[in-house]
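Participant:
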């Protein structure tokens, strides 16, 4: 953005002089902004974490996303991942559970545009479900 500024100075006798100068404001790449609140999940159910990313310089579908789960016994990190849609600022992280696991983990999410890496963490608690008992009858 460019602005032209005129400065007019007048002395006690009424004489004036004018100086003109131009200011150019160059754009900068602001870092992406996002927040994720702590989550509650249910054992054996894929949990979706939906959050918005705000960045004036580019579509969030073109950013890079990453995550790390502190408790690998709760989620299958290889099967889990992000979903973005062109033209949307909404991002979804699908956390795929490991069978019959419950507990708490910290999840660290990174969002990277072409210049900045922004890191945020949240806590997820996977609540246990009361599974039906299983048994087998031995052959007679």
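Numbering (my numbering), first residue to last: 96 to 235. Built from N, CA and C at the ideal position, the CB exists for glycine as well.
(1) Note down the Cα distance separating residue 160 from residue 179, rounded to an integer number of angstroms.
(2) Got a sec, what are the start and stop residues for the beta strand (DSSP E) residue 198 sits in?
(3) Rounded to the nearest angstrom, how far is the Cβ of residue 206 from that of residue 162, given a contact under 8 Å?
(4) Below 8 Å between beta carbons: does that hold for residue 133 and residue 192?
(5) Confirm, please, whether the CB-CB distance from residue 141 to residue 195 is below 8 Å.
(6) What does a CB cutoff of less than 8 Å around residue 212 pick up in its chain, not counting 5 residues either side in sequence?
(7) What is the C-beta distance between residue 185 and residue 199, in whole angstroms, given that I count them as a contact (C-beta under 8 Å)?
(8) Which of the three DSSP states, helix, strand or coil, is assigned to residue 155?
(9) Give the single residue among 153, 156, 105 and 131 whose Cα lies nearest to the Cα of residue 143.
(10) Around the C-beta of residue 230, are 16 or more other C-beta atoms found within 10 angstroms, so that it is buried, or is it exposed?
(11) When the distance is taken between beta carbons, is residue 156 closer than 8 Å to residue 124?
(12) Which same chain residues end up closer than 6 Å to residue 174 when comparing Cβ atoms and leaving out the 5 residues on each side of it in sequence?
Facilitator: Walking through what the data contain:
(1) 10 Å
(2) 198-207
(3) Not confirmed; about 10 Å, so no contact.
(4) no
(5) no
(6) 205 and 206
(7) The pair is not a contact, with the Cβ atoms about 26 Å apart (cut-off 8 Å).
(8) helix
(9) 131
(10) exposed
(11) no
(12) 191
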